[in-house]
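Numbering (UniProt numbering), first residue to last: 1 to 498.
Beta carbons: idealized from backbone N, C-alpha and C, even for Gly.
Keep in mind that this is a model prediction, so the values were computed, not measured.
Right, here's the structure in full:
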C-alpha cells in the first residue's frame, strides 16, 4: 500500500489538524484520502467479481461496504485499489520516483525481516507538522522550541528515515519501530553517546507484584542543548505556566542540572498487598551524587508548589491540589527520609472515587531518601517496613524481577543490547481497569486474563539510530482476544437489555 502526499489531492492535513473544532475541521471521507492498495493480480474485474464491478472509461469500479466507490487499475502484476480515483490513476501511471533509492542498507534489512512494514517520508511529515498552527509561544528566556508540536516537528526534521514493522512468529506478535537521525542533530548526538552493552536494567527493583516495571539508561554525554529543550517544555503548559519568568528560568536550570545528575532510573508500579485500593510505586535513580539530586528535587518542589496550589483542576469543577514538603519526616533503616504529601480537595464524588481506585485512600505520601551515596529512592503507597527491607535490594542490585520465568521468557525474545526495558503485567492492568470502571459506575467484563507472560519492550541504539522492539506473547494475546470478544458481546447485549 502507498499513501501519497495528500495535499496535491486536495487533502490538507495541516489545515485539518490546525482547526479548533470538528465543525471547522470538516469530515474526511475515503475518497479524499490518496491511499492505494497494491494487490497481487492482473485482472481487476475477475479479482473483485463478487463485488459485481463495472468498467467506466477503462477503470474497474465497485461499491465498498461503506457505500463509497472503489477504483481499480492494473499495474504490472498487481492491481491498484483505492477510493481516490486520481491517486489510483497516479499509481497505475507509475508516476513519481520509487523510494528504493532512498532506502539505506539498514532500511532494506528492516523491511526484509518483517511481514508488514510502514515507511514514512520524514521530510514530508516534518513539513506538514510545521504548517500546523501552534498555540502559545516560548517563554521569556527560552531559546529552544518548547511547544510539544514544535518539539515533534523538530524531531521529525532531524530524522533521516522512519519505519514501523510487524512480524508474526510462534512466540507472539513482534512490533518494531526504527528511526535514523542526522549524525549532527541533537538527538543523533545523544543516541551516539550511548555505549553498546547488555546492562541489567531491572535489578534495583524490590520483590513486589508489578503492573509496570521500567529501566532506562541516560545518555552519558548527551548534548546540553537537548536537556535544555526538554526542561524548557515543562514550564510552558499546565500549572507551571503560572510561574514568574524568573521562577521559570530557575526551574529550567534546576531541572536540567537534575537530568545531568541521573545516570539511570528504574521504576516499579504495582498493586498494594491483599488487593487494597490504589497502587504503590518504587522509583530508583542512580545519580552522580544522591544528596545533590535530592537537593535539586527539593528545589523543584519548592518552585512548583505555589503554582500547583493555585492552579487546581479546571476539569474537576474547582478541585484544588496542595503539596506539602517535610524534610526528615521519617527515619528508615537509619536514613532520614523527606515526605512529600499531595492532597486533592473539592473534587466531585465521582472523580474522588476514580482517584481512590488509582491512588488509594487519603493524601498521596511520597518518601524520598538516599539508599547510598549514588542512589536516590522515591516511594509511594509502601510501608516504612517494606521500604527498609527494600533498601538492601536496591543498593546491592539484588532485584530478581527480570529472572522470574514469565518475565525472562518475554525479555529473551527481544534484542539483548538495550538502553531501556519495560514490562506490563496485563493481568494486573485488567484488574486496575476493572476497579476504575467499577468506580465510574461501569460493569467490568467477566472474562479474566490468565497468562503471566507480560507484554515487553526494549530500546536499542546504534550510532545515531534508535530501535524500539515490542513483543506481545502468543498466550497473552490469546487471552486479550477473549476479553475483546467479551467486550464486543457486552456492547451488543448490555445488561439493561437482557
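With contact defined as three or more Cβ pairs closer than 8 Å, the region 93 to 113 and the region 162 to 173 are in contact. Burial check for residue 55: the Cβ neighbour count within 10 Å stays below 16, so the residue is exposed. Residue 105 counts as exposed, since fewer than 16 other C-beta atoms from the protein chains shown sit within 10 angstroms of its C-beta. By DSSP's assignment, residue 181 forms a beta bridge with 159.
Remark: C-beta atoms of residue 438 and residue 360 do not approach each other more closely than 8 Å. Counting the other CB atoms within 10 Å of its CB gives residue 288 a total below 16, which places it among the exposed residues. Looking at the DSSP output, residue 202 bridges to nothing. Taking residue 28 as the centre and dropping the five residues before and after it, the same chain places the C-beta of 11 and 16 closer than 8 Å to its C-beta, in chain order.
If you keep only unbroken alpha helix (DSSP H) runs of at least 4 residues inside the region 406 to 477, you get 426 to 439.
Judged by their CB atoms, residue 38 and residue 88 are not nearer to each other than the 8 Å cut-off.
Contact check for residue 206 against residue 282 passes: the beta carbons are separated by less than 8 Å. Inside the region 316 to 357, DSSP marks whole beta strand (DSSP E) runs of 3 or more residues at positions 320 to 332 and 335 to 345, from first to last along the chain. The Cβ atoms of residue 323 and residue 301 sit closer than 8 Å to each other. By the criterion of a C-beta distance shorter than 6 Å, residue 131 is surrounded in its chain by 14, once the five residues flanking it on both sides are discounted. At a Cβ-Cβ threshold of 8 Å, residue 277 and residue 357 count as neighbours. A Cβ-Cβ separation of about 5 Å places residue 204 in contact with residue 266 under the 8 Å criterion. Residue 307 is a Cβ neighbour of residue 240, given a cutoff of 8 Å.
The region 451 to 458 makes contact with the region 472 to 486, as at least three CB pairs between them are under 8 Å. The three-state reading of DSSP puts residue 382 in coil, since its state is none of H, G, I, E or B.
Rounded to the nearest angstrom, the gap between the Cα atoms of residue 94 and residue 31 is 20 Å. Within the region 208 to 279, the alpha helix (DSSP H) runs of at least 4 residues that lie entirely inside it are, in chain order, 224 to 233 and 245 to 261.
Within the same chain, Cβ atoms closer than 6 Å to the Cβ of residue 48 are found at 62, the five residues on either side in sequence being excluded.
DSSP places residue 41 in the coil class of the three-state scheme, outside both helix and strand.
Residue 426 is positioned such that its CB atom lies closer than 8 Å to that of residue 449. For the set 443, 461 and 293, the Cα lying nearest the Cα of residue 486 is the one of 443. Of the residues assessed, residue 441 falls on the exposed side of the cut-off, its CB having fewer than 16 other CB atoms within 10 angstroms.
Here the region 206 to 223 lies against the region 413 to 425, with 3 or more beta-carbon pairs under 8 Å apart. The DSSP-derived three-state label of residue 176 is strand. In the same chain as residue 34, and ignoring 5 residues on each side of it, the C-beta atoms closer than 6 Å to its own belong to 4, 6, 9, 84 and 87, in chain order. Just so you know, the alpha carbons of residue 173 and residue 418 end up roughly 20 Å apart. Leaving aside the five residues that flank residue 410 on each side, the residues in its chain whose CB is nearer than 8 Å to its CB run, in chain order, 423, 453, 454, 455, 456, 471 and 473. Taking a cut-off of 8 Å for Cβ pairs, the region 237 to 252 and the region 429 to 437 do not touch, as fewer than three such pairs fall below it. Counting along the chain, residue 369 sits inside the beta strand (DSSP E) bounded by residues 364 to 372. Residue burial annotation: residue 100 is exposed, with fewer than 16 other C-beta atoms found within 10 angstroms of its C-beta. Within the same chain, 44, 45, 48, 53, 54, 71, 72 and 73 come within 8 Å of residue 60 by CB-CB distance, once the 5 residues on both sides are set aside. The beta carbon of residue 284 lies closer than 6 Å to those of 204, 266, 377 and 394 in the same chain, with the five residues before and after it left out.
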